[in-house]
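In what follows, a single structure is set out as structure tokens and then discussed.
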Amino acid sequence: MVDKPLDILNKSLNSPVIVRIRGGREFRGILLGYDTHMNLVLDETEELNDDATVKRKLGTVILRGDNVVYISP
Amino acid sequence: MVDKPLDILNKSLNSPVIVRIRGGREFRGILLGYDTHMNLVLDETEELNDDATVKRKLGTVILRGDNVVYISP
Amino acid sequence: MVDKPLDILNKSLNSPVIVRIRGGREFRGILLGYDTHMNLVLDETEELNDDATVKRKLGTVILRGDNVVYISP
Amino acid sequence: MVDKPLDILNKSLNSPVIVRIRGGREFRGILLGYDTHMNLVLDETEELNDDATVKRKLGTVILRGDNVVYISP
Amino acid sequence: MVDKPLDILNKSLNSPVIVRIRGGREFRGILLGYDTHMNLVLDETEELNDDATVKRKLGTVILRGDNVVYISP
Amino acid sequence: MVDKPLDILNKSLNSPVIVRIRGGREFRGILLGYDTHMNLVLDETEELNDDATVKRKLGTVILRGDNVVYISP
Amino acid sequence: MVDKPLDILNKSLNSPVIVRIRGGREFRGILLGYDTHMNLVLDETEELNDDATVKRKLGTVILRGDNVVYISP
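Chains as they are written, first to last, in my numbering: chain H, -1 to 71; chain E, -1 to 71; chain C, -1 to 71; chain X, -1 to 71; chain S, -1 to 71; chain D, -1 to 71; chain Y, -1 to 71.
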């Protein structure tokens, strides 16, 4: 059985994910939604430092899929 | 229930949002409109410094979605 | 009521706008036209220095939408 | 009346234009043709130095629209 | 006989692959899925150092195809 | 009469062209073919130094249109 | 007669090719397949140093067309 990328996103709804974007920045939040461009809606979002400590709390954010390197459920 | 990214934008109309664009610059303004490319119309827009103080008042701006990293309602 | 980005451009026709492009350069001119890619036609265009003084007068220019960061009417 | 970007290009056929591309380089030539991607055909093309003096004569060139920042008729 | 890129991905399902992304970073994992944009689902993913030692264990990740340089089954 | 960019390419078939790509590198070769993306087939291709001397002989190459800045017949 | 870029790729199947990607890296391998995006399948792939010596043996790789600068059969 094949797991399509969007299937994995679907299974991850309402669960925490880590998202790395171009330039190396990372965000952690609860995945509330997504679309076919991999634009993401995260809740309780935290921007992380390199050592995975919290740099900034951002609440709800819409992250553009264009900048995503990977999403880790 | 899933929150699509554009649904969240729709719910944020006429409310303040923070927008971070590529390169790290941030803008704060009232979301007046958007389209499916995530081009945004902001009113009472302020460009912010890294410490979230106001760098420049810009009034109404049309921000191109291509440059958006995230939108935080 | 929602203001679509292209509606705002339409309302700004024949009025002065400021356009910032990637890399930080800014232009000021009278908006004569645009298309759905946000390619713009400006008249009496001036390229601006960081302190908003005029660096160079360019007359009529066609600015490619791809490079636009924001347009401020 | 609105001047669409491609209308302005059309009016500029067989006339001199200045084209700035990403990275800041500028070209001056006679506009012989274009297409909807803003790919341009220039004749008697000269690459310019920052002070607008001629750096190199290039004759006919096809300039890809992707790299264009602005075209000034 | 020709091996289309997506055929090779299909044959590599449930097998280990190495993925290099723009900027030179490399990941190693079990290929669980992919789509036509070369978005990939990897399991037991490890981010690698330049000397191919493990830098970080990431578990399941969705890697955006946009950033992929090559995939080596 | 308007010369579309692809018309000029068509007229240049089997003739020498110079191609500059992003980053400033230049190639000289005989244009054997092209497609609508401006992907090019060059024969007897030479990569050039800044002073237009030959840096390397490459024979036949397929150059991706995405990287092309200009083509000079 | 015109040689379309994809025709040349087709003629090069099962033959060695050199592929340069953005950033200057080069790969040498046997072309096993390709698609219309110029995604390539190479076998017996070697990553090359600037002096064309072998830096690393990679076996089979799928190279994304987006990063290709040129392919030399």
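Glycine included, each C-beta is placed from N, C-alpha and C at the ideal position. Just so we're clear, the structure is a prediction, and the values are computed from it rather than from any experiment.
For residue i, the nearest candidate out of the options (CA to CA)
i, options, result
"S/D1", "Y/G63, Y/D49, Y/V39", "Y/V39"
"C/L46", "C/D5, C/D64, C/R23", "C/R23"
"H/L61", "H/E44, H/P3, H/D5", "H/E44"
"D/K9", "D/V17, D/L30, D/R26", "D/L30"
"D/P3", "D/D48, D/I19, D/M36, D/D49", "D/M36"
"Y/T51", "Y/T34, Y/F25, Y/Y32, Y/G63", "Y/F25"
"Y/S13", "Y/D64, Y/Y32, Y/G63", "Y/Y32"
"D/V5", "D/G63, D/D64, D/T34", "According to the sequence displayed, residue 5 of chain D carries Asp and not Val. Ranking the options by Cα distance to D/D5, first place goes to D/T34."
Separation of residue j from residue i, as counted between CA atoms
i, j, result
"S/L7", "C/L11", "51 Å"
"E/R18", "C/V17", "18 Å"
"C/V15", "E/G63", "19 Å"
"D/R20", "X/R20", "9 Å"
Cβ-Cβ separation, residue j to residue i (assumed contact under 8 Å), whole Å
i, j, result
"S/I28", "S/D41", "4 Å"
Chain A within 9 Å of residue i, Cβ atoms only
i, result
"E/R18", "The structure shown contains no chain A; the protein chains it does contain are H, E, C, X, S, D and Y."
Legend entry - Meets three-Cβ-pair contact criterion under 8 Å: the stretch 59 to 68 of chain X and the stretch 53 to 64 of chain C: Contact between the stretch 59 to 68 of chain X and the stretch 53 to 64 of chain C is present, because at least three Cβ pairs lie under 8 Å.
Legend entry - Residues in the stretch 42 to 65 of chain Y having any Cβ partner in chain S nearer than 9 Å: Taking 9 Å as the Cβ-Cβ cut-off, the stretch 42 to 65 of chain Y approaches chain S at T43, L56, G57, T58, V59, I60, L61, R62, G63, D64, N65, given in chain order.
Legend entry - Residues of the stretch 15 to 42 of chain D whose Cβ lies closer than 9 Å to any Cβ of chain Y, in chain order: Within the stretch 15 to 42 of chain D, the residues whose Cβ lies closer than 9 Å to some Cβ of chain Y are I19, R20, G21, R23, F25, L30, G31, Y32, D33, H35, N37, L38, V39, L40, D41, listed in chain order.
Inset, instruction - Mind checking the stretch 2 to 15 of chain X against chain D and listing, in chain order, the residues whose C-beta falls within less than 7 Å of any C-beta there? - result: Taking 7 Å as the Cβ-Cβ cut-off against chain D, the residues of the stretch 2 to 15 of chain X that qualify are L11.
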